[in-house]
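Asks: Once you've had a glance at the structure underneath, I'll fire off some questions.
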Amino acid sequence: MVDNDCIFCKIAGGEIPSDTVYEDDLFRVILDLNPATKGHALILPKQHYANIYEIDEDTLQKLIVLAKKVACAMKDTLHCDGLNIVQNNGLAAGQTVFHFHLHIIPRYEEDGQDLNWIPGKSDPAEQKKLAGMIGAAIK
Ligand code: AMP
Ligand code: ZN
Numbered sequence: 285m286v287d288n289d290c291i292f293c294k295i296a297g298g299e300i301p302s303d304t305v306y307e308d309d310l311f312r313v314i315l316d317l318n319p320a321t322k323g324h325a326l327i328l329p330k331q332h333y334a335n336i337y338e339i340d341e342d343t344l345q346k347l348i349v350l351a352k353k354v355a356c357a358m359k360d361t362l363h364c365d366g367l368n369i370v371q372n373n374g375l376a377a378g379q380t381v382f383h384f385h386l387h388i389i390p391r392y393e394e395d396g397q398d399l400n401w402i403p404g405k406s407d408p409a410e411q412k413k414l415a416g417m418i419g420a421a422i423k
């Protein structure tokens, strides 16, 4: 399904032009308009899925294989020193475009970016409880 009101559906379908890195039947890989670093790319499925909860497993499996290929191409061409793969779900997690996409962000020594979180403290009893709770809900 494609959502006629979704900008990433339009970009993935070629209706809105983009700096396309790669395209096949299922995906378009584009450069981010506001790149965190040089080469920051987005993998867009051509079908509309709002987030990780909606995307089907078959598409997701193919997407992660493509992510590896893009990552290797970046390493070879951009000679980046590292690489982050980021995927946001929901406003609280920083998602701004509600069409599933995977960020592939090449990293360079001293690129000035900070994608890290602030490490917290864990409580052993709560950790045990959480591990059991989440694990029991995996379908
Ligand atoms: P997120 O915050 O995970 O939803 O990421 C959305 C990303 O899409 C941001 O990094 C934006 O810079 C990027 N973006 C938004 N509109 C466009 C566009 N027209 N072309 C390329 N990238 C875009
Ligand atoms: Zn869409």
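FYI, our numbering numbers position 2 of the sequence shown as 286, with every residue one higher than the one before it. Each residue gets a CB set at the ideal place from its N, CA and C atoms; glycine is no exception. Predicted model, so just to flag it, every value in this text is computed and none were measured.
Let's see if you can read the secondary structure: which residues bound the alpha helix (DSSP H) around Pro-408?
Replies: Note, Pro-408: alpha helix (DSSP H), 408 to 421.
Asks: To which residues does DSSP link Thr-304 through a beta bridge?
Replies: The partner list for Thr-304 (beta bridge, DSSP) reads Ile-314.
Asks: List the endpoints of the continuous beta strand (DSSP E) containing Val-370.
Replies: Unbroken beta strand (DSSP E) run through Val-370: 366 to 370.
Asks: Ile-388 and Ala-355 look like a contact to me (Cβ under 8 Å); what is the Cβ gap, rounded to whole Å?
Replies: Yes, they are in contact, since the Cβ atoms of Ile-388 and Ala-355 sit about 6 Å apart, within 8 Å.
Asks: Using a 10 Å radius around the Cβ and a threshold of 16 neighbouring Cβ atoms, would you call Pro-390 buried or exposed?
Replies: When all chains shown are included, Pro-390 counts as buried.
Asks: In angstroms, rounded to a whole number, what distance separates the CA positions of Leu-293 and Arg-312?
Replies: For the sequence presented, residue 293 should be read as Cys rather than Leu. When rounded, the distance between both Cα atoms is 10 Å.
Asks: Taking 7 Å as the cut-off, is the CB of Thr-380 close to at least one heavy atom of the ligand AMP?
Replies: Checking every heavy atom of the ligand AMP against the Cβ of Thr-380, one is found closer than 7 Å.
Asks: In or out: Pro-329 buried (at least 16 other Cβ within 10 Å) or exposed?
Replies: The residue is buried, with at least 16 neighbouring Cβ atoms inside 10 Å.
Asks: Classify Ala-325 as helix, strand or coil using the three-state DSSP reduction.
Replies: It is a strand residue.
Asks: For the ligand ZN, is there any heavy atom lying closer than 7 Å to the beta carbon of His-385?
Replies: Answer for His-385: no, Cβ out of range of the ligand ZN.
Asks: For Ile-300, which residues of its own chain have a beta-carbon under 6 Å away from its beta-carbon, when the five flanking residues on both sides are left out?
Replies: These residues qualify, in order along the chain: Lys-294.
Asks: Looking only at DSSP bridge pairs, what is Pro-390 linked to?
Replies: The partner list for Pro-390 (beta bridge, DSSP) reads Leu-367.
Asks: Tell me which residue opens and which closes the alpha helix (DSSP H) that Phe-292 is part of.
Replies: 291 to 296 is the extent of the alpha helix (DSSP H) around Phe-292.
Asks: Would Leu-347 and Leu-375 qualify as a contact pair, given that the criterion is a beta-carbon distance under 8 Å?
Replies: It is not a contact, given that the beta carbons lie outside the stated cut-off.
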